[in-house]
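Have a look at the structure below, then the notes.
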Amino acid sequence: MAILIKPETKILVQGITGDFGGRHAKLSLDYGTNVVGGVTPGKGGQFFEHKEHRVPIFNSVHDAVAATGATVSVVFVPPPFAADAILEGVDAGLDLVVTITEGIPVRDMVRVKRAIAGRKTRLVGPNCPGVVTPGTGPQSHGGCRIGIAPGYIHKKGHVGVVSRSGTLTYEAVFQLTSKNIGQSTCVGIGGDPVNGTSHLDVIKMFNDDPETHGIILIGEIGGNAEVEAARWIKANVKKPVAGFIAGATAPAGRRMGHAGAIVGGAEDTAAAKIAVFKECGIEVAVTPSDMADALLRAAKAKGVTLS
Amino acid sequence: MNIHEYQAKALFEKFGVPVPKGAAAKSVAEFDTALALLPEGPTMVKSQIHAGGRGKGTFTDGFKGGVKFCKTKADAKELAGKMLNNTLVTLQTGPAGRKVQTVYFTVASDIKKEYYLAILLDRATSRPVIVASTEGGVEIEKVAHETPEKIFKVYVDPAYGLADFQLRQLITGLGLTASEAKGAAKLIKNLYAMFWETDAAMVEINPLITTPTGDVLALDAKVSFDSNALFRHPEIVALRDLNEEDSKEIEASKYNLSYIALDGNIACLVNGAGLAMSTMDIIKHFGGNPANFLDVGGGASKEQVVAAFKIILGDPNVKGIFVNIFGGIMDCNVIALGIVEAVKEVGLKLPLVVRLEGNNVGAGKATLAGSGLTIVSGDTMADAAQKIVKLVA
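Chain order of the listed sequences is P and A.
Residue numbers are given in my numbering: position 206 of the first sequence equals residue 206, and the series is strictly consecutive.
Residue numbers are given in my numbering: position 298 of the second sequence equals residue 1298, and the series is strictly consecutive.
In structure tokens, the structure reads:
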């Protein structure tokens, strides 16, 4: 069943005519993703062509939804215009808007987050690698890939992965697939301090998804989202969970690449988060190379089969 | 992006946040012109560097105190001469300290009581939070730890903005008198407007003071801005002081590389912030010490890899290099070619361990193996980390 997106989900690409959006729209089409339309104001009526695909471009998300019945969009729009693109997707009544754009001003996201509160649209990101639900074809093709993750490293299966970081997600997925353990859905929630979907939001979805048998939770220094998720896991999740926190060696007060990855106080250090993970029964990966093995340990302890 | 106190106070004045009258000088020749703008009488001299703890700092020549009270303007001029172009070491500068290239003279205010006031983003609510305390002029972390009841917060709804009832909550919390309340309300309202309109990441006033005559003033000012929003604030970008930034970090930013110097001896070159952070962690885990954080981004080019090598080799402490690339979309062979070119161009003599994984990894590994260079290959992050730690030990 997977979460958020399925192979048949109809996807729009906002910013499909840009270099970045176009390149990844092609990769998604190659993966088998059901990309039904692109949105670029002023370019409505044109087509985005790739191999046998001919994807119509619309001037607005509203037009695209009316014509295609799309329920999900992915935003590749440049930072100055990205907040507006998200709000347009929300106003058009999409179920999900996944925002890849990196470098959106915090103030814009504060306003967006307030504006979408209580609306039906879920926002994932910004500054995230996207969401992948692997398919049944070779190298997991036939699945739904929205964003910038490498589709081919996935394998259809029963592990849910949630992370702030792109490459660290790929690392975890690659380890799992190398051990012949597939994934239900992999969600990158992004490295910004204000984002649409938290670790906890995704954990709740994985917990409710019968197809997900185990979870890898990847976090980093800064904020308290991982701690919030861990406490909920302790109280509610029976499935095996493995966790990793990046940034144990990061000095306080320095932003480590991600705008959100900055240690401000005693609570948001890697050591503090790892301590909470342990206290909440999450099997901690001691190094990033240990993420898949940590989940296997957790699964074995609970007598759960992952593959 | 950070700015100096004197720049922050100029912004305060523009937004109607009262500050003591002041003037900055960047050379001895400017001392007289700056002091001429101030009335005769008690004067403060303040070293301008991007670090806190200035008052308790010591200059490298032994002169104590980067912030000084003087009874007269003549005294202020003399002390300013001792600070300018001198290097100030504080708890926040590290042992190397920072060279003082600007001094700021201000009128020394009569203080009735000191308070604390700051505005920043609250991540848990995704809203701006105004933090206030009756305990000003001291470390706010200490107040938060020892007497948390003396700190109170107001969360601002971004759809409505700062409401009057919230101003009243803040003023009541600070225990201000009726005669002080009006000035304080205006100050807080204007400070919030500045925070919001300039895309500030944080504004902090410590201390905020009341005077015996009922005025409310910002005695200090610490302001930083959201670097993602600088594109719409050229007037803020103009305030950037490159002297206050690490030269290697500036060089890195020209190539869209995210670099932060650390104090170890194993240089790291990684794609992605999360992977870069955990590469530092795994080096430490196996007993080594990372020399830097370096994220070449998701789609690193050959030019970026060459620039990255030059930057990390500019650190004399580096004894070995660990390249850790997960090529999801990007071609591992492009990275491998970049590494080979960089190694040849800089004439690398230090041990180099490369862990490549992902797209077209076979060709990438073949490129490295066939290059004739001494490059140690690691299969997993753990394997590669152990190899580099052993090589520099």
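C-beta: ideal position from N, C-alpha, C; glycine also.
Computed from a predicted structure; not experimentally measured.
Identified DSSP bridge partners for T1058 of chain A: The sequence position of residue 1058 of chain A within the second sequence is 58, counting from 1. The partner list for T1058 of chain A (beta bridge, DSSP) reads A:K1064, A:V1089.
Nonlocal neighbours in the same chain, by C-beta distance under 6 Å from G1288 of chain A, ignoring five residues either side: Reading the second sequence from its first residue, position 288 is the one you call residue 1288 of chain A. Excluding sequence neighbours, G1288 of chain A sits near I1266, V1389.
Neighbour list for M1202 of chain A in chain P, Cβ cutoff strictly below 8 Å: By 1-based counting over the second sequence, the position of residue 1202 of chain A is 202. In chain order: nothing, as chain P lies at least about 10 Å away.
Beta-carbon spacing of L176 of chain P, P288 of chain P below 8 Å: Indexing the first sequence from 1 puts residue 176 of chain P at position 176. Indexing the first sequence from 1 puts residue 288 of chain P at position 288. No.
Partner residues on chain P for I1282 of chain A, Cβ-Cβ distance less than 8 Å: In the second sequence, counting from the first residue as 1, residue 1282 of chain A sits at position 282. Going along chain P in sequence order, the residues near I1282 of chain A (Cβ under 8 Å) are T287, P288, S289.
Alpha-carbon to alpha-carbon, A1193 of chain A and L1257 of chain A: Mapped onto the second sequence, residue 1257 of chain A falls at position 257. Mapped onto the second sequence, residue 1193 of chain A falls at position 193. When rounded, the distance between both Cα atoms is 33 Å.
Best match in P:I104, P:Q14, P:I215 for proximity to D1199 of chain A [C-alpha to C-alpha]: In the second sequence, residue 1199 of chain A corresponds to position 199, counting from 1. The shortest Cα separation from D1199 of chain A among P:I104, P:Q14, P:I215 belongs to P:I104.
Continuous beta strand (DSSP E) stretch holding T1043 of chain A: start and end: Position 43 of the second sequence, counted from the start, is the residue given in the question as residue 1043 of chain A. Start and end: 1043–1047.
Where Y152 of chain P falls: helix, strand or coil (DSSP): Taking the first residue of the first sequence as position 1, residue 152 of chain P is located at position 152. DSSP places Y152 of chain P in helix when its eight states are reduced to three.
Close Cβ partners of K43 of chain P (< 8 Å) along its chain, the five nearest in sequence each way excluded: On the first sequence, residue 43 of chain P is found 43 positions in, with the first residue counted as 1. Around K43 of chain P: T17, I57, N59.
Residue-level contact to chain P via CB, H1285 of chain A, 8 Å cutoff: Counting from one through the second sequence, the residue named residue 1285 of chain A turns up at place 285. Closer than 8 Å: yes.
Sequence-distant residues of the same chain with beta carbon closer than 8 Å to E228 of chain P, five excluded per side: On the first sequence, position 228 is the one that residue 228 of chain P refers to. Result list for E228 of chain P: S198, H199, L200, in chain order.
The stretch 1331–1349 of chain A contacting the stretch 1368–1384 of chain A, beta-carbon criterion three pairs below 8 Å: yes
Local conformation of A1108 of chain A per DSSP, three classes: The sequence position of residue 1108 of chain A within the second sequence is 108, counting from 1. Here A1108 of chain A sits in coil by DSSP.
Contact under 8 Å by Cβ, G1272 of chain A with G166 of chain P: To locate residue 1272 of chain A, count along the second sequence from 1; it is residue 272. To locate residue 166 of chain P, count along the first sequence from 1; it is residue 166. Yes, Cβ-Cβ distance for G1272 of chain A and G166 of chain P is below 8 Å.
Local conformation of T185 of chain P per DSSP, three classes: By one-based count along the first sequence, residue 185 of chain P stands at place 185. T185 of chain P falls in the strand class under three-state DSSP.
V1103 of chain A versus A1024 of chain A: straight-line alpha-carbon distance, rounded: In the second sequence, the residue the question calls residue 1103 of chain A occupies position 103. In the second sequence, the residue the question calls residue 1024 of chain A occupies position 24. Spanning the two alpha carbons is a distance of roughly 6 Å.
Nonlocal neighbours in the same chain, by C-beta distance under 8 Å from D1075 of chain A, ignoring five residues either side: Position 75 of the second sequence, counted from the start, is the residue given in the question as residue 1075 of chain A. T1043.
CB-CB length for A230 of chain P against V276 of chain P, believed under 8 Å: The residue labelled residue 230 of chain P in the question sits at position 230 within the first sequence. The residue labelled residue 276 of chain P in the question sits at position 276 within the first sequence. Contact flag correct, Cβ pair sits at about 5 Å.
Nearest-angstrom Cα separation, counted from E1005 of chain A out to G395 of chain P: Chain P is shown from 1 up to 307; residue 395 of chain P falls before or after that span and cannot be answered.
Short CB-CB distance (under 8 Å) between I1266 of chain A and chain C: As a matter of chain content, chain C is missing from the structure shown, whose protein chains are P and A.
Near-chain A residues of the stretch 240–252 of chain P (beta-carbon distance less than 8 Å), N- to C-terminal order: F244, A246, G247, A248, T249, A250, P251
Minimum C-alpha distance to T1106 of chain A - residue among A:F1322, A:P1018, A:K1284: Position 106 of the second sequence holds residue 1106 of chain A. Of A:F1322, A:P1018, A:K1284, the residue nearest in Cα terms is A:P1018.
Under 8 Å between C-beta atoms of P1212 of chain A and E1114 of chain A: Taking the first residue of the second sequence as position 1, residue 1212 of chain A is located at position 212. Taking the first residue of the second sequence as position 1, residue 1114 of chain A is located at position 114. Their beta carbons are not under 8 Å apart, which means P1212 of chain A does not touch E1114 of chain A by this criterion.
Simplified DSSP state of T101 of chain P, which is helix, strand or coil: The residue you call residue 101 of chain P lines up with position 101 of the first sequence. In this structure, T101 of chain P counts as coil in the three-state DSSP scheme.
7 Å CB neighbourhood of S1133 of chain A in its chain, flanking five on each side removed: Locating residue 1133 of chain A in the second sequence gives position 133, counting from the first residue. These residues qualify, in order along the chain: Y1115, Y1116, I1140, V1143, K1150, I1151.
Option in A:D1122, A:C1332, A:E1345 with minimal Cα separation from A1366 of chain A: Here residue 1366 of chain A refers to the residue found at position 366 when the second sequence is read from its first residue. Considering only alpha carbons, the answer is A:C1332.
Those runs of the alpha helix (DSSP H) which lie wholly inside the stretch 82–130 of chain P and span at least 4 residues: 106–116
Beta-carbon proximity of G147 of chain P to G182 of chain P, cut-off 8 Å: Counting from one through the first sequence, the residue named residue 147 of chain P turns up at place 147. Counting from one through the first sequence, the residue named residue 182 of chain P turns up at place 182. No, Cβ-Cβ distance for G147 of chain P and G182 of chain P is not below 8 Å.
DSSP-derived helix/strand/coil call for S1126 of chain A: As a working mapping, residue 1126 of chain A is identified with position 126 in the second sequence. The answer is coil: DSSP assigns S1126 of chain A none of H, G, I, E or B.
Chain-ordered neighbours of N224 of chain P on chain A, where CB pairs are closer than 9 Å: Here residue 224 of chain P refers to the residue found at position 224 of the first sequence. Result: R1123, A1124.
Contained beta strand (DSSP E) runs [length at least 3] in the stretch 1272–1320 of chain A, N- to C-terminal order: 1292–1295
Pairwise C-alpha distance: M1280 of chain A and L1352 of chain A: In the second sequence, the residue the question calls residue 1352 of chain A occupies position 352. In the second sequence, the residue the question calls residue 1280 of chain A occupies position 280. Cα to Cα, L1352 of chain A sits roughly 15 Å from M1280 of chain A.
Coil, strand or helix - V39 of chain P by DSSP: As a first step, residue 39 of chain P must be located in the first sequence, where it is residue number 39. Of the three classes helix, strand and coil, the one that applies to V39 of chain P here is strand, per DSSP.
Interface flag, T1058 of chain A vs chain P, CB-CB below 8 Å: Within the second sequence, numbered from 1, the residue matching residue 1058 of chain A stands at position 58. So no, T1058 of chain A is outside the interface.
Length of the line joining the Cα atoms of A92 of chain P and A67 of chain P: As a working note, residue 92 of chain P is residue 92 in the first sequence. As a working note, residue 67 of chain P is residue 67 in the first sequence. Roughly 12 Å between the two C-alpha positions.
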